[in-house]
Amino acid sequence: MSRSTAPSPTGLIDAATGLPVRRHPGTGAHYVRKAGWPHFWGRTLDALAVLVVAGS
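Oh and the sequence shown: position 35 is 562 in my numbering, straight run, nothing missing.
Structural data, given as structure tokens:
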């Protein structure tokens with residue numbers, strides 16, 4: 528199966544996810560847009576680890 532995505536403004540595609548690579552207008556750095564949920568769960572896991580270490 529092929530994944531259809533919108534054409535990338537930079538002409539690059541992320542090899543791991545198949546998502547288009549974008550360029551940040553302020554810095555010119557390349558990035559791949561992600562959903563907010565992975566970031567949320569990563570921060571939640573970080574907070575949980577801090578609480579466990581602080582409680583011991």
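Just so you know, even glycine gets a beta-carbon here, dropped at the ideal spot from N, CA and C.
Predicted, not measured: the structure shown is a model, and the values here were computed from it.
Bridge partner(s) assigned by DSSP for residue i
{"i": "proline 552", "result": "Proline 552 pairs with nothing; no bridge assigned."}
Pair within 8 angstroms by beta-carbon distance, residue i and residue j
{"i": "histidine 551", "j": "threonine 537", "result": "no"}
{"i": "valine 559", "j": "aspartate 573", "result": "no"}
Span of the alpha helix (DSSP H) around residue i
{"i": "proline 506", "result": "Shown here, the chain extends from 528 to 583; a query on residue 506 therefore has no answer."}
{"i": "alanine 574", "result": "563 to 582"}
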